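Chains as they are written, first to last, in my numbering: chain A, 1 to 218; chain B, 1 to 243.
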Amino acid sequence: MIRTFSESEFLFIVASARWTLLLTVLALLLGGALGFVVALVRTSRLAPLRMLAAGWIGMIQGIPVLMLLFLSYYGLSLAGVDMPPIVAASVSMALYASAYLGEIWRGSIQSVAWQQWEASAALAMSRAQQYRYVILPQAVRIAVAPTVGFVVQLVKNTSIVSIIGVVELARAGNLVNNATFAPFKVFGTVAATYFVICWPISLLARRLEGRLHARRPG
Amino acid sequence: MPVVQVEAVRKSFGAVEVLKGIDLTVERGEVIAIIGRSGSGKSTLLRCINGLEVIQAGRIEVSGHRLDASGKGLRELRKDVGIVFQSYNLFPHLRVGENIMLAPRVVLRVGRAEARQRAEEALAEVGLGERFEAWPDNLSGGQQQRVAIARSLAMKPKVMLFDEVTSALDPELTGEVLATMERLAGHGMTMLLVTHEMAFARRVATQTVFMHQGKVWELGPSEQLFGAPQTPELRQFLGSGLK
Ligand SMILES: Nc1ncnc2c1ncn2[C@@H]1O[C@H](COP(=O)(O)OP(=O)(O)OP(=O)(O)O)[C@@H](O)[C@H]1O
Ligand SMILES: [Mg+2]
Chain A
1 MIRTFSESEF
11 LFIVASARWT
21 LLLTVLALLL
31 GGALGFVVAL
41 VRTSRLAPLR
51 MLAAGWIGMI
61 QGIPVLMLLF
71 LSYYGLSLAG
81 VDMPPIVAAS
91 VSMALYASAY
101 LGEIWRGSIQ
111 SVAWQQWEAS
121 AALAMSRAQQ
131 YRYVILPQAV
141 RIAVAPTVGF
151 VVQLVKNTSI
161 VSIIGVVELA
171 RAGNLVNNAT
181 FAPFKVFGTV
191 AATYFVICWP
201 ISLLARRLEG
211 RLHARRPG
Chain B
1 MPVVQVEAVR
11 KSFGAVEVLK
21 GIDLTVERGE
31 VIAIIGRSGS
41 GKSTLLRCIN
51 GLEVIQAGRI
61 EVSGHRLDAS
71 GKGLRELRKD
81 VGIVFQSYNL
91 FPHLRVGENI
101 MLAPRVVLRV
111 GRAEARQRAE
121 EALAEVGLGE
131 RFEAWPDNLS
141 GGQQQRVAIA
151 RSLAMKPKVM
161 LFDEVTSALD
171 PELTGEVLAT
181 MERLAGHGMT
191 MLLVTHEMAF
201 ARRVATQTVF
211 MHQGKVWELG
221 PSEQLFGAPQ
231 TPELRQFLGS
241 GLK
């Protein structure tokens, strides 16, 4: 039986965006926290720690997100941990985000002029104080644009979790299309919904960047 | 007791020995100029004195803080040693006043009011009392360098180290920074300064050190050192430098 693409199908697709949003937010919170640690460890003074973080980044970036997803979903259920797909999806997206954000933030930290380290060290600041008051505030400005660029990618990449059965935006579109065979309407709606999510993020980034730079005229 | 005591200090970068047994004593209120050719180890010596470089042998003591090859007690020592570099290295995300208040607040843990008072005093000392709210990027090079000096002064150091602080400046801005340093010297600050400004060294420094090939080659009251150099190396250096 072929259904028509009506308001209820439209609403079903739009409402499924909540899973896309939830996944993005969880991946950002968990992955961001982990990625921040990765960035700090990656810029540590101890070579073994730096290598550990580099290994983490290299490993995650070297594995397709799909494999991370399968590993967290099937791997953990084989190990006896029974978890709903959305949890496995969040975990794998968070791992993925941690490596990319860690790498972006490492770059931001390292692009702060080394003289800033020296000047703050000469003022008797501890390593933690140097990060807190001198290095990170400058690194944040540098990090805004690439971080937001990554978040937009992340929103779109969450579509991959449809494979383990999470009905997020892309999967919802697929389901509706199978029932209605109205691909232009269906995927037009899906695309428009992604756009409505991503566009404000880019706008926000531009505002944020503008404000950070306004604090420092020159 | 001397403020700075450097004894038999040796420092190498890899296989290259840059400081080959340096002895130097700076008494309270003394202003010592360090001159010498490029590569003679002047900057390295200053950087060793506040522990930015770790020495391989010898002993450095600054107002009672010992610094040896282990690098312990570094932060305590740095509280008493101000250093100003050729590049000003102000914190670009902080206003002038915040630049100066930061270290007293977080390192010395003084209250906001006292930090502000220290910053205002230090700014007044370098002649920039009205620029508290300015952004570093909006200042001239000479003004930025004076803020960098004020930032060190606000820590109330026992000694100030200056490493060619006017070398990056246009000639017309050099004067204002030298005048600031001269005023500091006049107020009794203990200073150790690397400089290429020979006239300034001769006039302001109580003693001048001529470094050559990683050693203190000649040392004496500035008037005597510049007026009657004892070694051919110094005579040659002054001859080429002053013409
Ligand atoms: N971090 C470093 N690594 C390796 N070599 C260094 C380092 N810092 C300095 N050197 C070398 O040590 C020697 C002394 O350098 P230093 O900067 O102390 O000289 P300087 O007297 O200050 O010279 P200039 O007048 O050019 O500033 C030079 O040969 C320099 O190349
Ligand atoms: Mg030098």
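For glycine and all other residues, C-beta sits at the position ideal for the given N, C-alpha and C. The structure displayed is predicted, hence computed values, not measured ones.
- Counting along the chain, no alpha helix (DSSP H) covers Gly58 of chain B; the unbroken beta strand (DSSP E) around it starts and ends at Ala57 to Val62.
- For the segment 84–116 of chain A, the beta-carbon criterion of a distance under 9 Å to any beta-carbon of chain B is satisfied by Ala113, Gln115 and Gln116.
- DSSP places Thr166 of chain B in the coil class of the three-state scheme, outside both helix and strand.
- At a C-beta separation below 9 Å, Val134 of chain A has these neighbours in chain B: Phe91, His93, Leu94 and Leu102.
- In terms of Cβ geometry, Pro229 of chain B and Met155 of chain B do not form a close pair [threshold 8 Å].
- Membership of Glu218 of chain B in the beta strand (DSSP E) is indicated by the continuous run Lys215 to Pro221.
- If you draw a straight line from the Cα of Ala119 of chain A to the Cα of Arg75 of chain B, it is about 13 Å long.
- Here DSSP, grouped into helix, strand and coil, assigns Asp80 of chain B to coil.
- Residues close to ligand 1 by the beta carbon criterion (under 5 Å to any non-hydrogen atom) are, from first to last along the chain, B:Phe13, B:Val18, B:Ser38, B:Gly39, B:Ser40, B:Gly41, B:Lys42, B:Ser43 and B:Thr44.
- At a cut-off of 8 Å, the C-beta of Ser126 of chain A has a neighbouring C-beta in chain B.
- Inclusion of Arg106 of chain A and Arg45 of chain A in the CB contact set at 8 Å is not warranted, their separation being larger than that value.
- Under the Cβ criterion of 8 Å, Gln61 of chain A is not counted among the residues facing chain B.
- The residues Glu17, Leu19, Lys20, Gly21, Ile55, Gln56, Ala57 and Gly58, in chain order, have a CB closer than 7 Å to that of Arg10 of chain B in the same chain once the five nearest residues on each side in sequence are set aside.
- For Met51 of chain A, the secondary structure class from DSSP, reduced to helix, strand or coil, is helix.
- Val186 of chain A is a Cβ neighbour of Val176 of chain A, given a cutoff of 8 Å.
- Note: Lys156 of chain B is not bridge-paired with any residue in the DSSP secondary-structure output.
- Taking 8 Å as the cut-off, the Cβ atoms of Ala88 of chain A and Leu69 of chain A count as close.
- The CB of Ala121 of chain A comes closer than 8 Å to the CB of Leu52 and Arg78 in chain B, given here in chain order.
- Put simply, the CB of Ser87 of chain B is near chain A, with a gap under 8 Å to one of its CB atoms.
- In this structure Glu114 of chain B is exposed. Its beta-carbon is surrounded by fewer than 16 other beta-carbon atoms within 10 angstroms.
- With three or more CB-CB distances shorter than 8 Å, the segment 88–99 of chain B counts as touching the segment 129–148 of chain B.
- Chain order gives no chain B residues near Pro48 of chain A, where near means a beta carbon separation below 8 Å; the closest approach is about 20 Å.
- Linking Ala179 of chain B to Ala27 of chain A through their CA atoms gives a straight-line distance of about 57 Å.
- Within the model, the alpha-carbon separation for Leu29 of chain A versus Ala94 of chain A is close to 8 Å.
- Proximity of the segment 139–159 of chain A to the segment 13–26 of chain A meets the contact definition, three or more beta-carbon pairs being nearer than 8 Å.
- At a threshold of 7 Å, Glu164 of chain B counts as near ligand 2, since its beta carbon sits closer than that to one of the ligand's heavy atoms.
- Among the residues of chain B, those whose CB is under 8 Å from the CB of Gln129 of chain A are Val106 and Val107, following chain order.
- The segment 8–20 of chain A and the segment 61–77 of chain A do not touch, with fewer than three beta-carbon pairs separated by less than 8 Å.
- In this structure, Asn89 of chain B lies away from Val147 of chain B, with their beta-carbon atoms at least 8 Å apart.
- The alpha carbon of Leu52 of chain B has as its nearest neighbour, out of B:Val26, B:Val216 and B:Leu67, the alpha carbon of B:Leu67.
- Not one heavy atom of ligand 2 sits closer than 7 Å to the Cβ of Val216 of chain B.
- Exposure of Ser202 of chain A is indicated by the presence of fewer than 16 other C-beta atoms within 10 angstroms of its C-beta.
- Annotated three-state conformation of Arg37 of chain B is coil, per DSSP.
- In this structure, Val194 of chain B has its CB closer than 7 Å to one or more heavy atoms of ligand 2.
- For Ile83 of chain B, the nearest CB of chain A lies under 8 Å from its own CB, placing it at the interface with that chain.
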